[in-house]
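Asks: One structure, pasted below without further comment.
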Amino acid sequence: MSYIPHSDAERQQMLAAIGVTTIEDLFEAVPASHRFPSLDLPAPMSEMEVAAELQALAEANEHAGDFAIFRGAGAYHHFIPAAANHILLRGEFYTAYTPYQPEVSQGTLQAIFEYQSMISTLTGMDAANASHYDGATSLAEAVTVALEATRRKRNKIILSPAIHPQYRAVVRTYHQGGNLKIVGDAGRADIPDLLDMVDENTAMLAVAYPNFFGQIDNFAGLAQKVHDAGALLVIVANPMALALFKTPGELGADIVVGEGQPLGIPMSFGGPYLGFFATREQYVRRIAGRVVGETVDQDGKRAYVMTLRPREQDIRREKATSNICTNQGLMALAACVYLSLMGKCGLRTVAELCYHKAHYAAKQIDALDGFQVDMSKPFFNEFVVKCPQPVQTINDALIEKGIIGGYDLGQDYPHLKNHMLVAVTEMNRKEEIDALAAALKEVPEEIRS
Amino acid sequence: MTEPLIYDISVPGRCGVSLPGVDVPETPLPTELLRKELDLPEVSEMQVIRHFVHLSQFNHSIDTGFYPLGSCTMKYNPKINEDMARLPGFAHLHPLQDDEGAQGALALMFQLQTWLAEIAGFKAVSLAPAAGAQGEFAGILMIRKYHLDRGDTQRTKILIPNSAHGTNPATVTMAGFTAVELPSDENGDVDLQALKAACDNTVAGMMITVPNTLGLFESHILEVVKTVHDCGGLMYMDGANMNALMGVVKPGELGFDVMHYNLHKTFSTPHGGGGPGSGPVGVGEKLVPYLPGPVVIQVEDGTDDEPPLYSLHMPEKSIGRLKAFHGNFGMHVRAYTYIRINGDEGIKDITRHAVLNANYLRVRLQDTYHIPYNRYCGHEFVLEGHFGDAPDIHALDISKRLMDYGIHPPTNYFPLIVPEALMIEPTETEDKQTLDAFVDAMKKIAAEARENPNLLKSAPHTTPVSRVDEVRAAKQLVLCCRPIPEWAG
């Protein structure tokens with residue numbers, strides 16, 4: 001199978017036009033000692049055979065199409081309307097490049113502008129960019145904005161330990177070349193403890209909403225104290241929760257970042273996802289990444305274009321604050337189509353379904369002997385369960401019953417050994433939740449026997 | 450042609466989805482924590498479809514026409530790739546699934562790592578980077594950590610030729626190094642004298658694009674590599690132009706220590722209107738322990754009855770995580786599909802035909818346009834988009850006029866070392882008829898530039914909008930079409 005259209009005759013005509021006899025003649029600049037190495041790859045295969053091979057690999061996975069799933073921890077199994085995928089499969093969208101040439105890219109540009117508008121209204125921020133790679137890199141880029149906004153005179157940032165552990169790891173990866181002090185997340189600090197760490201050297205404080213444990217923390221007075229110290233408040237949000245709960249804008253956030261995967265993007269073993277990034281007007285000119293703005297064409301017609309370009313790497317080169325040169329264009333489109341289909345009513349309905357089902361599940365599990373749900377704070381669609389056995393042991397038993405259990409919190413938080421993070425979405429029918437509770441009830445006995 | 454904003458066709462009370470009712474006892478919502486309103490469109494499913502289909506029709510794309518955008522490798526994206534990435538066993542696989550429950554995905558990633566390593570001659574590959582720019586960043590962080598681990602702390606500089614991609618200097622700054630620019634010589638190669646003068650024990654490494662952004666293979670590449678290695682620096686290759694090298698030369702065998710691949714260029718995963726990409730990194734022996742993680746390793750050999758067992762693994766001295774989870778897996782599935790279908794012979798043919806197509810265009814246009822470094826090129830070449838006898842015409846005008854011929858403009862004003870640059874990359878999937886039609890259009894435009902320059906100055910004429918006011922967009926910043934109410938912000 002080949003996607004190369006040349007016939008032998010055409011190849012010969014083209015070689016003659018160039019004035020060489022073989023294609024190999026075109027590579028004379030490559031050192032002869034290293035030219036044309038052997039390539040140890042399998043032989044070509046037909047599309048039919050490849051499809052069968054991939055099908056077999058896909059079916060070797062335990063996935064949410066076949067199993068009831070209660071795992072979240074940053075990626076969620078939500079319903080995606082059929083219409084969304086059909087739009088994503090429009091070749092005009094998915095085989096276009098970055099919209100550098102606005103006259104032939106208005107489709108991509110307007111869709112991104114609409115996406116930015118929806119992210120702004122969801123978060124209560126003045127503006128959003130066209131997206132980053134994922135929620136974790138959005139947070140890492142927020143750190144850079146905070147350092148720039150405080151004019152590189154402050155080098156301390158405070159991260160809540162209740163931010164996704166992998167997001168915090170990514171912040172450390174991104175900023176290992178600078179002299180940044182990252183504090184706050186080593187132990188069990190709660191909001192007041194984090195506030196105690198804020199000082200005149202602090203560029204930002206970041207918290208999660210809901211936090212990694214699914215809980216809604218009490219942020220009363222938080223923004224005020226952070227701002228009084230001259231620092232920025234960054235909120236890492238789950239966009240599905242924002243359909244229901246107060247906007248981060250109302251809570252005083254300066255920057256809101258998060259993972260857009262819940263908005264119509266399949267879990268796909270971790271990517272591609274969508275890092276959304278929204279902020280207040282005063283910081284707009286400092287943000288990294290693509291931004292689409294409204295303007296007019298020569299005839300005065302409304303048009304869209306990538307704007308604030310001089311911030312970007314290809315123009316500012318070594319003075320740019322980020323090297324990002326793509327966004328997650330197609331994923332931003334996915335979110336835009338999803339939010340359009342869901343609309344005002346549908347998104348709220350989905351969020352409420354998640355809320356009610358998660359709370360039902362929490363009650364069923366909390367009633368089981370040996371299991372205890374942390375009800376100390378309000379939660380959205382995820383909650384923490386203290387289990388009578390190691391989480392891995394329980395999950396091994398659950399998978400036998402067709403259930404993918406929750407996330408093992410002990411991996412990241414030593415004090416949460418034997419604690420499971422359970423996620424429930426609109427996709428979990430009551431029978432699945434009841435089956436989970438029934439399976440958990442049996443687990444300790446089975447293990448004892 | 451304009452399309453109203455989705456908010457402008459919204460009618461209160463409409464909804465584009467049907468959702469199930471609540472099948473569990475309800476729990477009262479915590480009213481004091483709730484938002485007041487949700488300002489999203491209220492539209493029907495058909496309205497949504499028409500809106501976005503209309504918008505799609507405003508785009509130029511590979512599926513609709515020739516897209517010779519230099520340095521972007523706008524090749525055909527096979528449809529089978531999309532179907533494979535959407536198989537339920539991949540699309541509905543949770544990223545934190547236990548290794549035992551994700552063996553199909555891990556086997557695919559392991560195999561892709563192996564194939565990519567083989568194609569470019571590296572010891573190991575990590576699929577973690579989400580895009581080429583992240584791959585670059587990972588590469589430079591690895592070089593940094595390698596030196597620091599050896600106590601070699603005075604290396605603060607990274608050398609970059611002036612023909613480099615713009616991401617390279619930005620990457621260097623992000624990683625905490627200083628970028629030092631090197632000039633090019635009269636052949637478009639790195640100036641060897643300048644390189645030798647710059648190499649000392651403060652050099653951490655060098656970033657170089659091969660072929661370079663002029664589309665030219667560095668004539669003295671082995672000498673460049675040796676010079677940097679001799680001063681203790683490591684060599685980073687920007688693999689964006691790998692479409693010119695497959696089966697021709699392996700960067701790892703030339704002595705490169707680290708390179709990123711662009712799966713969305715060389716390996717046919719779609720560009721998506723600006724992403725998602727995928728930018729795996731390959732490394733030689735020295736840097737294997739520093740790879741960004743997680744990578745996939747084989748923990749048990751297969752037997753006649755059982756396949757091998759794979760696991761996610763964080764390399765011992767890893768620079769860390771670049772994103773949550775394990776890279777853009779959906780892109781890994783597409784690239785795997787592409788390499789599997791092409792196989793050894795197909796992969797070699799890709800490069801040979803990409804280079805054939807580029808040289809064919811170069812030769813056919815060389816009498817009409819000035820080509821400053823006119824020798825055998827790789828997968829792309831750069832010509833000057835202006836004429837001595839039509840001084841008002843610029844590369845931008847030629848670009849815009851090409852749109853009227855149904856062709857996406859080449860990359861313009863890059864690389865910076867060629868004035869009025871037009872960088873042309875046809876890719877291997879275009880046929881001779883398309884290339885000939887492009888040559889005809891370019892020649893007609895060259896004639897129009899002399900006879901009717903206004904036709905170019907006022908172009909494009911056939912696109913949904915005419916030239917847009919970019920200055921206004923930046924000055925009167927409008928990034929959101931909805932007012933944010935007082936309560937929400």
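Chains as they are written, first to last, in this note's numbering: chain A, 1 to 449; chain B, 450 to 938. Ideal Cβ positions, reconstructed from N, Cα and C, are used throughout, including at glycine. Every value quoted in this text rests on a predicted model; they were computed, and no experiment measured them.
Helix, strand or coil for His910 (chain B), going by three-state DSSP, please let me know.
Replies: Looking at His910 (chain B) - three-state DSSP - the assignment turns out to be coil, as it is neither helix nor strand.
Asks: Along chain A, in chain order, which residues have C-beta atoms closer than 7 Å to that of Asn526 (chain B)?
Replies: Here the neighbours are Thr95.
Asks: Looking at chain B, is there any beta carbon in it that lies within less than 8 Å of the beta carbon of Pro272 (chain A)?
Replies: With 8 Å as the cut-off, Pro272 (chain A) counts as an interface residue toward chain B.
Asks: With a 10 Å radius around its C-beta and 16 neighbouring C-beta atoms as the bar for buried, classify Asn903 (chain B) as buried or exposed.
Replies: Result: exposed.
Asks: Is the stretch 464-480 of chain B in contact with the stretch 312-329 of chain A, if contact means three or more CB pairs nearer than 8 Å?
Replies: Counting Cβ pairs under 8 Å, fewer than three are found: no touch.
Asks: Show which residues of chain A have a CB atom less than 7 Å away from the CB atom of Ser510 (chain B).
Replies: Residues of chain A passing the Cβ test: Gly91, Glu92, Thr95 and Ala96.
Asks: Should the stretch 24-41 of chain A be regarded as contacting the stretch 792-808 of chain B, the criterion being three or more beta carbon pairs within less than 8 Å?
Replies: Contact holds: three or more Cβ-Cβ distances are below 8 Å.
Asks: Return yes when the Cβ of Ser510 (chain B) is within less than 8 Å of the Cβ of Ala303 (chain A), no when it is not.
Replies: In this structure, Ser510 (chain B) does not lie closer than 8 Å to Ala303 (chain A) by Cβ.
Asks: Please report how far the alpha carbon of Pro310 (chain A) lies from the alpha carbon of Val629 (chain B), in whole angstroms.
Replies: If you take the alpha carbons of Pro310 (chain A) and Val629 (chain B), they lie about 21 Å apart.
Asks: Can you look up Val257 (chain A) in the DSSP assignment and give me helix, strand or coil?
Replies: Note: Val257 (chain A) maps to strand in three-state DSSP.
Asks: Using a C-beta to C-beta distance shorter than 8 Å, which residues of chain A count as neighbours of Thr616 (chain B)?
Replies: Chain A residues near Thr616 (chain B): Gln313, Asp314, Asn323 and Cys325.
Asks: Helix, strand or coil, according to DSSP, for Tyr456 (chain B) in the structure here?
Replies: Three-state result, Tyr456 (chain B): helix.
Asks: So that I know if they touch, is there some Cβ in chain B lying closer than 8 Å to that of Gln12 (chain A)?
Replies: Closer than 8 Å: no.
Asks: Does the count of Cβ pairs from the stretch 372-391 of chain A and the stretch 342-361 of chain A closer than 8 Å reach three?
Replies: With a cut-off of 8 Å, the stretch 342-361 of chain A and the stretch 372-391 of chain A count as touching, because enough Cβ pairs lie within range.
Asks: Consult DSSP for Ser38 (chain A) and reduce its assignment to one of helix, strand or coil.
Replies: It is coil, neither helix nor strand.
Asks: Could you tell me whether the stretch 887-904 of chain B touches the stretch 843-861 of chain B, where touching means 3 or more Cβ pairs closer than 8 Å?
Replies: Yes, the stretch 887-904 of chain B is in contact with the stretch 843-861 of chain B.
Asks: For the beta strand (DSSP E) that contains Lys386 (chain A), what are its first and last residues?
Replies: Residues Glu382 to Lys386.
Asks: Tell me whether Ser633 (chain B) sits in a helix, a strand or coil according to DSSP, three-state version.
Replies: Three-state DSSP puts Ser633 (chain B) in a strand.
Asks: Exposed or buried, what is Asp598 (chain B) when buried is set at 16 or more other beta-carbons lying within 10 Å of its beta-carbon?
Replies: So Asp598 (chain B) ends up on the exposed side.
Asks: Run down chain B in chain order and give the residues with a C-beta less than 7 Å from the C-beta of Val30 (chain A).
Replies: By Cβ distance, chain B contributes Phe666, Val697 and Val698.
Asks: How about the stretch 728-737 of chain B and the stretch 574-593 of chain B: do they share at least three Cβ pairs that are nearer than 8 Å?
Replies: As far as the Cβ criterion goes, the stretch 728-737 of chain B touches the stretch 574-593 of chain B, which means the pair count is three or higher.
Asks: Quick check: the stretch 856-868 of chain B against the stretch 662-680 of chain B, are at least 3 beta-carbon pairs closer than 8 Å?
Replies: The stretch 662-680 of chain B is in contact with the stretch 856-868 of chain B.
Asks: For Asp301 (chain A), would you say it is in contact with chain B, using Cβ-to-Cβ distances shorter than 8 Å as the test?
Replies: Asp is not the amino acid found at residue 301 (chain A); the sequence shown has Lys there. It does: the Cβ of Lys301 (chain A) has a partner Cβ on chain B nearer than 8 Å.
Asks: Can you list, in chain order, the residues of its chain whose CB lies under 7 Å from that of Gly271 (chain A), leaving out five sequence neighbours each side?
Replies: Excluding sequence neighbours, Gly271 (chain A) sits near Asp134.
Asks: Judging by CA-CA distance, which residue of B:Val639, B:Pro913, B:Tyr595 and B:Ala653 is the nearest neighbour of Val621 (chain B)?
Replies: Comparing Cα-Cα distances from Val621 (chain B) to each of B:Val639, B:Pro913, B:Tyr595 and B:Ala653, the minimum goes to B:Ala653.
Asks: Any Cβ of chain B within less than 8 Å of the Cβ of Val291 (chain A)?
Replies: Val291 (chain A) counts as touching chain B.
Asks: Tell me the residue span of the alpha helix (DSSP H) that contains His86 (chain A).
Replies: Note, His86 (chain A): alpha helix (DSSP H), Ala82 to Leu88.
Asks: Nearest by alpha-carbon distance to Ala288 (chain A): which of A:Gln389, A:His415 and A:Arg316 is it?
Replies: When only C-alpha atoms are compared, the closest one is A:Arg316.
Asks: Out of A:Leu57, A:Val234, A:Pro388 and A:Gly293, which one is the CA nearest neighbour of Lys924 (chain B)?
Replies: Residue A:Gly293 is the option with its Cα nearest to Lys924 (chain B).
Asks: Would you give the residue range spanned by the beta strand (DSSP E) that Met708 (chain B) belongs to?
Replies: Start and end: Val707 to Tyr710.
Asks: Would you list the residues sitting across from Gly654 (chain B) in a DSSP beta bridge?
Replies: DSSP, once it has assigned bridges, lists B:Ile607 and B:Leu683 as partnering Gly654 (chain B).
Asks: Please report the straight-line C-alpha distance between Leu712 (chain B) and Glu672 (chain B), rounded to a whole angstrom.
Replies: So the two alpha carbons sit approximately 29 Å from each other.
Asks: Please tell me whether Gln552 (chain B) has its Cβ less than 8 Å away from any Cβ of chain A.
Replies: Chain A contact via Cβ: present.
Asks: For a contact defined as C-beta to C-beta under 8 Å, what are the partners of Tyr407 (chain A) on chain B?
Replies: Going along chain B in sequence order, the residues near Tyr407 (chain A) (Cβ under 8 Å) are Leu545.
Asks: Would you please verify whether the beta carbon of Glu148 (chain A) is less than 8 Å from any beta carbon of chain B?
Replies: Chain B contact via Cβ: absent.
Asks: Enumerate in chain order the residues of its own chain whose CB-to-CB distance from Leu416 (chain A) is below 8 Å, with the five nearest sequence positions on each side excluded.
Replies: These residues qualify, in order along the chain: Val384, Leu409 and Gly410.
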